[in-house]
Every structure is written in structure tokens, then in C-alpha cells.
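J.: Quick one: this structure, given as C-alpha cells, is what I'll be asking you about.
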Amino acid sequence: MFRKLCINTAICSSLVIMPVASVQASDLLGGIVGGLIGGAIINSHKPKKTYRKSTTRKSSTTSVEREKNRNVQTSLNYFGFPVGRPDGVMGRKSREAVSTYQAYMSMPINGQLAPFQQDMLISAYHRAIAGGERTTKLMAANPDGPRGVLKVYHQALAREGGVIMASTGAGQSGLMPSGQGNMPQMANSFANTGQNAPAATMAAMPNFGSSGNAVSMANHCNKVSLITNSNGGYMTLANMRDPAFALDEQFCLARIYAISKSEELANAVQGVTSAQMQAQCETIGPMFKEQIAALSLGSRADVIKKTSEMILASGMAPTQLGHTASICLGIGYRTDNTDVALASGLILTALGQSAYGELMGHHLVNGFGTTKRQDLATQWYASAVNAIETGQPAVFVPGQADRPQLIKAAALGLSTPMTPKNKAVMAPQPATFVLPSFGATNAAQ
């Protein structure tokens, strides 16, 4: 202890005695401290050697794929399925747009486009761009705008056979939630059979468009309703004066029943909106365009044969197809879509519910989606009446017991005045009201 005290005293004395030396010592200490701090600063600025794990990043999409994705995104934007700026990366927003597109076009909804779906979408986009002012007018006239035009182009491309549309699930109903499958969407493929092959080399028929005087079923029935009210009620078998108007009244009644049944069935379907049902039903018309066209040209038996072949090719169970057709029939009448109504009615008739054939007669008499062919209409009226008279349940206005006889009498009176003499002459003609035989028809062909 004493030794430490002496040492401290000596140090303090030296500081007083030698000021110059203390300054030199402090300089030395400051130099040491400054050197340490400076060294630390210098070392902190030296680049540190870091070891990084080398990774090779592979591009998720090639330049070709990115360009194709960009074309898809541009097409989706154009037709009203927004994806934002086309960057070639199919992210979440792009997948959502694809799902919306698939739902609108009645395709399986998975957010990913199959190759044929991509080709169809991009082809429709290029066609729309090439259409210029005509495309703009189409969009303005279509209730769905650009989306509606896309559907028109899809149908046109399918008819031309430019894109072969794949089956979206055989054996499943077209009105199922979230892409559980719908009827196959078929396009003309000249590679299918030798029978179709010559069509590729045939010269195109001149086409000057339609007359543009398509009759609205809804407007027609509104007029019929006004006249019926002014007449004090519907015509009956006892007081029928105008056969054509009597059939008009029965058609409009059948239309109301079809819409009502459709809505009842549609309400029981889960997971599908009304808009989605309508969009899916609208695909039936193009698929059965040949059968619809045959209505204006051939016999009932021939049309039923063609329709049955199409049903077999669809792969759907009859019960599912019948349920779907019942829904689509009402949607067709509610939306004034003659193709959907005709296709649905043909399906139901071909499935054995012959009473629905009455609708084909009404369409042929009035020219709703067909040419006016009263001669062919009588075959459909006859088969429908015969089906009810032989035990099939009535599908329209079942409470009106004399309705089948009213339709029979009105159909007979279309081309011949309804007089007692004519009734007697026409009554013995069995061919008019006998269910046509497939065998007899095939033999005649």
C-alpha cells in the first residue's frame, strides 16, 4: 500500500516538474488512441470479403411463351376481361380474368387456358381488330358489348372448322358448378369421315345475308295476349274461328309453361348463376345448327334421327341432358333466342318426350328460327297430339283437357277452311296424325 502511494506521488510530481514531457506523453497516448480509432475506421471502409452461394436462375417462361401470354392478355383486355398491363406473366389477375372468360364462354373454369382456348381467343381478337368499324358497330349493338362479339366470333370460328374444340367432359351436365363439364363443343372437322371431306372443296354458296325481318317471339306473344283479352278469352274447340290464331294462343301458353318450369328447375341448381346458365345454354344452338336447319327441309323422322345421333355423340346421360334441355328451353324463350329454344325442344323430343314436338310445329308455322313450312309443321303437331292421346303426360297446360284436340283441329284448318265437309274429308287421312316410323322414313330415303 505504501509502495503504491509512493509511486503515485512520484508520478504526480513528475507531471508538475516536467510539463514538456507530459505533453509529449499525452501526444504519444493520443497518437496510440487515434491510431486505434483510425485503424478501426480504415478497416471499416475496407471491402469485406463475402461468400455468396451461387445460384442459377432459370426464367419461368421463354420469350416465345411470354409473347404468347402477352397476346392472350391483350385479347382478354380487348374483350372485357381486364388483366391490366400485358407483361407476359400469367399472374393472379390474369388467372382471374381467364376464369371469368371461361365462365362466360361456358368452358371448364380452372384459370388456365388450354391450347385450343388460347388459339380461339387470339384468333377472335385478330378478327375483331381486322373488322374495324364493323366490329365497333357489332359491339354497340350487342347487349354484352365486346364479350358478346367474342361469343359471335367463337361460334363463327367453330363453324368454319378453324379451331377444333375439345370435349369438356362427357357424361356430365352442362349446368354444373365450376367447370364440372358440359356438352362437347364440336366444330366441323373434314378429317372425321369421308362423307364430310368433299365439303372442303365445294365452292362457297352466294350469301347476301338474311332478310333482317326476324320475328320476336316475345313481341308476337304480347300482341296475341292483347287480342285474346279483347276477345274475352282463349279460343276453344267449340268456338274456334281462326285456326292460325288458335295455334298462336297455344304457342304462347306453351312458352309461358316452358319458362316457368325452367325457372323452377334452375332454382334447384347450386353454384351456377343465372347469367352462367344463360351463357352455357347459348352454346346449344350452334351445336345443333344442322338439326335446326333440317327442320325447314326434312321430315320429322329425319330431324329426330339427326338429333338422336348428336345426343349419342355428346356422351351425356339422357336424364342429365333432359334436365339441362328443360332449363335451356325456358331460357331460350325468356331471352328470345330461337336457336336455344329449338335445340332444347329437339333434344327433349328425341329423348322420347314427343309432346314437346308441338313447339316445332309452332316455330314452322310462324317462322320462328325456321322458314315457314306449314306442311312440315303438321307432322310435329300430329306426333305431339298422338303421344298425349296414347298415354304420355301433357307437358303444357295439363289442366286443359281438350287442348290436344284443339291443336289437331287447328292444324288441319291451316290449309283448308274449317267446314263440316272438309272435316269429313280430312278425318280418314291416317298419315296426318300417325306417329312417323323411322323404318318407313329410311326406306323412303
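First residue of the sequence shown? That's 640 in this note's numbering, and the numbers climb one at a time after it.
Ideal Cβ positions, reconstructed from N, Cα and C, are used throughout, including at glycine.
Computed from a prediction, not measured in an experiment: that's the story for all the values here.
1) Might you give, ordered along the chain, the residues of its own chain that have their beta carbon closer than 8 Å to the beta carbon of Ala-989, omitting 5 neighbours on each side?
2) Looking at Tyr-995: is its Cβ nearer than 7 Å to the Cβ of Leu-1003?
3) Does DSSP classify Ala-877 as helix, strand or coil?
4) Which word fits Phe-1007, buried or exposed, when buried means at least 16 other C-beta atoms lie within 10 angstroms of its C-beta?
5) Buried or exposed: Val-703, going by 16 or more other Cβ atoms within 10 Å of its Cβ?
6) Do Trp-1019 and Arg-939 have their beta-carbon atoms positioned less than 7 Å apart in this structure?
7) Using the beta-carbon count (16 or more within 10 Å), is Ala-763 buried or exposed?
8) Would Phe-718 and Arg-773 be called neighbours here (beta carbons separated by less than 7 Å)?
9) Note the first and the last residue of the continuous alpha helix (DSSP H) segment covering Asn-723.
10) Rounded to whole angstroms, how far is the Cβ of Ile-748 from the Cβ of Ser-714, which I believe are closer than 8 Å?
11) Look at the Cβ atom of Asp-975, then the Cβ atom of Gly-924, and state whether they are nearer than 7 Å.
12) So, does the segment 730-737 touch the segment 767-784, judging by three or more C-beta pairs under 8 Å?
13) Using 8 Å for Cβ pairs, my map puts Thr-867 next to Leu-1045. What's the rounded Cβ distance?
14) Taking its Cβ as the centre, do 16 or more other Cβ atoms sit within 10 Å of Val-854, making it buried, or is it exposed?
15) Inspect the beta-carbon positions of Gln-915 and Ala-753 and report whether they are closer than 7 Å.
16) If we ignore side chains and look at the alpha-carbon of each, how far apart do Gly-961 and Met-729 end up?
17) Exposed or buried, what is Arg-973 when buried is set at 16 or more other beta-carbons lying within 10 Å of its beta-carbon?
18) Using the rule of at least 16 other Cβ atoms within 10 Å of the residue's Cβ for burial, across every protein chain shown, is Ile-970 buried or exposed?
19) Let me confirm a value: Glu-903 is counted as buried when at least 16 other C-beta atoms fall within 10 Å, else exposed. Which label applies?
20) Nearest-angstrom Cα distance between Pro-1043 and Pro-721?
21) Helix or strand or just coil, what does DSSP make of Pro-1032?
22) Just the C-alpha distance for Ala-956 and Ala-980, rounded to the nearest angstrom, thanks.
23) With Gly-961 as the anchor, note down where its alpha helix (DSSP H) starts and where it stops.
24) For Phe-890, does the three-state DSSP call read helix, strand or coil?
25) Using 10 angstroms around the beta-carbon of Gly-813, count the other beta-carbons present and answer buried if the total reaches 16, otherwise exposed.
26) Could you check how far apart the C-beta atoms of Leu-985 and Phe-927 are, in whole angstroms? I think they sit under 8 Å.
27) Are the Cβ atoms of Ala-885 and Ala-1049 separated by less than 7 Å?
28) Where do the ends of the alpha helix (DSSP H) carrying Tyr-717 lie?
29) Quick one: using the 10 Å Cβ neighbour count with 16 as the cut-off for buried, is Asn-594 buried or exposed?
30) Just how far apart, CA to CA, sit Ser-913 and Ser-935?
31) Quick one: what does DSSP say Phe-755 is sitting in, helix, strand or coil?
32) How should Ala-1023 be labelled, buried or exposed, when 16 other C-beta atoms within 10 angstroms of its C-beta is the threshold for buried?
T.: Inspection of the coordinates gives the following:
1) So the list reads Ile-943, Thr-946, Ser-947, Ile-950, once near-sequence residues are dropped.
2) Against a cut-off of 7 Å, the Cβ pair of Leu-1003 and Tyr-995 comes out as no contact.
3) coil
4) buried
5) Exposed: under 16 other Cβ atoms inside 10 Å.
6) yes
7) buried
8) No, the pair does not count as a contact, with Cβ atoms beyond the cut-off.
9) The sequence as given places Gly at residue 723; Asn does not occur at that position. Counting along the chain, Gly-723 falls outside any alpha helix (DSSP H), and DSSP gives it neither H nor E.
10) The C-beta distance from Ile-748 to Ser-714 rounds to 18 Å, too long to fall under 8 Å, and the pair is not in contact.
11) no
12) no
13) Thr-867 to Leu-1045, Cβ: 14 Å. No contact.
14) exposed
15) Note that the C-beta distance between Gln-915 and Ala-753 is not below 7 Å.
16) 38 Å
17) The residue in question, Arg-973, is buried, as its Cβ has 16 or more Cβ neighbours within 10 Å.
18) buried
19) exposed
20) 53 Å
21) coil
22) 20 Å
23) 957-973
24) Helix, per DSSP.
25) Legend: pLDDT at Gly-813 = 40, less than 50; position of this residue unreliable, value from coordinates given subsequently. Per the 10 Å Cβ criterion, buried.
26) 6 Å
27) yes
28) 702-717
29) Here the chain comprises residues numbered 640 to 1084, so residue 594 is not present and cannot be evaluated.
30) 31 Å
31) helix
32) buried
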